[in-house]
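Encoded as structure tokens, the structure appears first; notes follow it.
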Amino acid sequence: MIQRPKIGLVVPSLALGGGVPSVARFVKNVILQNEGYDLKLVSLSTSSRDQCSLNLTSPSTYFRGATTQPGIWDGMDFTHVGAIGGELEFQRYRPRKVLAGVLADCDVIQVVSGSPAWANAVVGLGIPVALQVATRVKVERRMRDSQPRNLSGWWRKSMTVVSDKLDDKALRAVDAIQLENPWMLEYSQRINQDRHGVDIRYAPPGIDADLFCPLLARPAPDNPYILCVGRLDDPRKNVGLLLESFRILSSALPHVHLVTAGSSAPPASYWARVNFLGLQDRVRHVARPSVAELVTLYQNAAVFALASDEEGLGVVILEAMACGVPVVATRCGGPDGIITEGKDGFLVALDSPSEMANRLTELCSNWPANLQMGLAARETVERRYADSVAGSAFVDVWNRLLKMAAPAIGKGKLQ
């Protein structure tokens, strides 16, 4: 019988929330919707206390080594694989025999991760590897590592130095790289300029443009709100900049509110600042909205604001744009490749609350311009980021890797 080629989808800690599992879900759906492939899901350890790892501080794990554990994610079986010496971050990026065994029956390995170093765990197995990645660990952690205050902080910073070297090693070792933003695309091309045959392309994940869709009409609201969605306790989200921007515009636009939403609320310092400014009645957070609630929040927002210091992509931007809502975002990486300045949104400097406030004020005050920009935002998503459009780039990469590895696989293997 003809056996379809199998893609091993390898992701750090599938069970955790955040941007990486969201991208993995998109890739998983692309594989399942294409009848030409089978899928194997693999999750890698990210914790220093992972029960599947050989842990240096747990002698009872020395003789059994790294192990696997079954799990279910998004309705599908997956295999979780521990590390050897998992307390050390760089050890989680290393190959191990148990992981090689799990992936032995795969024809292509697709890694989805926040930073490239994770791909080191699966290169060298004689199987083509594609890496979908958002950023470099050095860039992702620049705020966290900028001012270490104790021994633990200095330790984490030293791990970043090691991981940065492993990021570069992985980028030079994989067979294909799918990037989410222009700066990471340029960096990957530069670091591979002496290699031939590496497929490096801008290939962001797509979104469900049927689910995230505009209202039939967007009349000017009596009490408009600016929306921000994300894991807002993450320092990279820079909610302080968002709040300062809102403070600047709040007196000129007393009817405008600020709404945040997501799995984690802004930190205590944010709410202390809200109280100090006397904005308690105009600022609120929606905790863990359902998908339906999230869509409604997007659809009824006047503007979407992203104040992040660093974003590999910014899926929330795409979701807002798909709902016909214009976006004001910092030039933090991902938005730079999505937004066409002045057409479907605005890009502002990283540390300029006044510039962000001016753009938000403009879109809250000029509703005809808001509507026009919202329509253009929806058109951008339909043309470039709808899941069916974005998925085709991934299928093309897998087909190329299959043909490069063994022409017989592309035609179907006999079993």
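In this note's numbering, each residue carries its 1-based index in the sequence shown increased by 112. By construction, the Cβ of each residue, glycine as well, lies at the ideal position given by its N, Cα and C atoms. No experiment lies behind these values; they were computed from the predicted model shown.
Can you name, in chain order, every residue of its own chain whose Cβ lies under 6 Å from the Cβ of residue i, other than the five neighbours on each side?
{"i": "Gly436", "result": "Pro326, Gly486, Arg490"}
{"i": "Ala229", "result": "Tyr205, Ser275, Leu278, Asp279, Ala282"}
{"i": "Leu526", "result": "Confidence is the limiting factor: at Leu526 the pLDDT is only 36, short of 50, which leaves the residue's position unreliable, though a coordinate-based value still follows. Closer than 6 Å at Cβ, skipping near neighbours: no residue."}
{"i": "Asn511", "result": "none"}
{"i": "Gly524", "result": "Low per-residue confidence applies at Gly524: pLDDT is 44, beneath 50, and the placement is therefore not dependable enough to give any value."}
Between the alpha carbons of residue i and residue j, how many angstroms are there, rounded?
{"i": "Leu273", "j": "Arg253", "result": "Checking the displayed sequence, the identity of residue 273 turns out to be Val instead of Leu. For Val273 and Arg253, the distance between alpha carbons rounds to 11 Å."}
{"i": "Pro207", "j": "Ser165", "result": "13 Å"}
{"i": "Trp185", "j": "Gly226", "result": "19 Å"}
{"i": "Leu397", "j": "Val371", "result": "For clarity, residue 397 is His in the given sequence; the question names Leu instead. Approximately 6 Å between the Cα atoms of the pair."}
{"i": "Arg176", "j": "Gly424", "result": "37 Å"}
{"i": "Tyr382", "j": "Val214", "result": "45 Å"}
{"i": "Ser357", "j": "Pro465", "result": "5 Å"}
{"i": "Gly198", "j": "Tyr149", "result": "32 Å"}
{"i": "Val76", "j": "Pro366", "result": "Residue 76 falls outside the range modelled here, since the chain spans only 113 to 527, and no answer is possible."}
{"i": "Ser375", "j": "Gly342", "result": "7 Å"}
{"i": "Val123", "j": "Pro331", "result": "42 Å"}
Using a Cβ-Cβ cut-off of 7 Å (strictly less than) and excluding sequence neighbours within five positions of residue i, which residues of its own chain qualify?
{"i": "Pro182", "result": "Asp189, Thr191"}
{"i": "Ala233", "result": "Leu156, Tyr205, Arg206, Pro207, Leu211"}
{"i": "Cys444", "result": "Ser420, Asp421, Glu422, Glu423, Leu462"}
{"i": "Pro401", "result": "Ala373, Leu409"}
Is the separation between the beta-carbon of residue i and that of residue j shorter than 8 Å?
{"i": "Ala246", "j": "Gly131", "result": "yes"}
{"i": "Leu354", "j": "Ala434", "result": "no"}
{"i": "Gly426", "j": "Ala404", "result": "no"}
{"i": "Val193", "j": "Leu168", "result": "no"}
{"i": "Asp162", "j": "Ala195", "result": "yes"}
{"i": "Gly318", "j": "Ala461", "result": "no"}
{"i": "Thr473", "j": "Leu361", "result": "yes"}
{"i": "Val583", "j": "Ser275", "result": "Missing from the structure shown is residue 583; the chain here goes from 113 to 527 and no further."}
{"i": "Leu513", "j": "Ala285", "result": "no"}
{"i": "Ala413", "j": "Ala432", "result": "yes"}
{"i": "Val142", "j": "Phe506", "result": "yes"}
{"i": "Gln290", "j": "Gln244", "result": "yes"}
{"i": "Ala373", "j": "Leu406", "result": "yes"}
{"i": "Ala488", "j": "Ala321", "result": "no"}
{"i": "Cys218", "j": "Val368", "result": "no"}
{"i": "Gly446", "j": "Asn293", "result": "yes"}
{"i": "Gly449", "j": "Tyr314", "result": "yes"}
At which residues does the alpha helix (DSSP H) containing residue i begin and terminate?
{"i": "Ala434", "result": "427–434"}
{"i": "Arg343", "result": "Not the alpha helix (DSSP H): Arg343 falls in the beta strand (DSSP E), residues 337–343."}
{"i": "Ser299", "result": "Note that residue 299 is Tyr in the sequence shown here, rather than Ser. Residues 294–303."}
{"i": "Gly454", "result": "No alpha helix (DSSP H) contains Gly454, which DSSP labels as neither H nor E."}
{"i": "Trp230", "result": "That residue, Trp230, is in no alpha helix (DSSP H); it is neither H nor E in DSSP."}
{"i": "Thr372", "result": "Unbroken run through Thr372 is the beta strand (DSSP E), 369–376; no alpha helix (DSSP H)."}
{"i": "Pro317", "result": "Counting along the chain, Pro317 falls outside any alpha helix (DSSP H), and DSSP gives it neither H nor E."}
Along the chain, where does the beta strand (DSSP E) that runs through residue i open and close?
{"i": "Arg244", "result": "Checking the displayed sequence, the identity of residue 244 turns out to be Gln instead of Arg. Element bounds for Gln244: 241–245."}
{"i": "Gln484", "result": "Segment 479–492 is the alpha helix (DSSP H) holding Gln484; no beta strand (DSSP E) there."}
Leaving aside the five residues before and after residue i along the sequence, list all residues of the same chain whose C-beta is less than 8 Å from its C-beta, in chain order.
{"i": "Val139", "result": "Leu121, Gln222, Val224, Gln244, Pro317, Phe506"}
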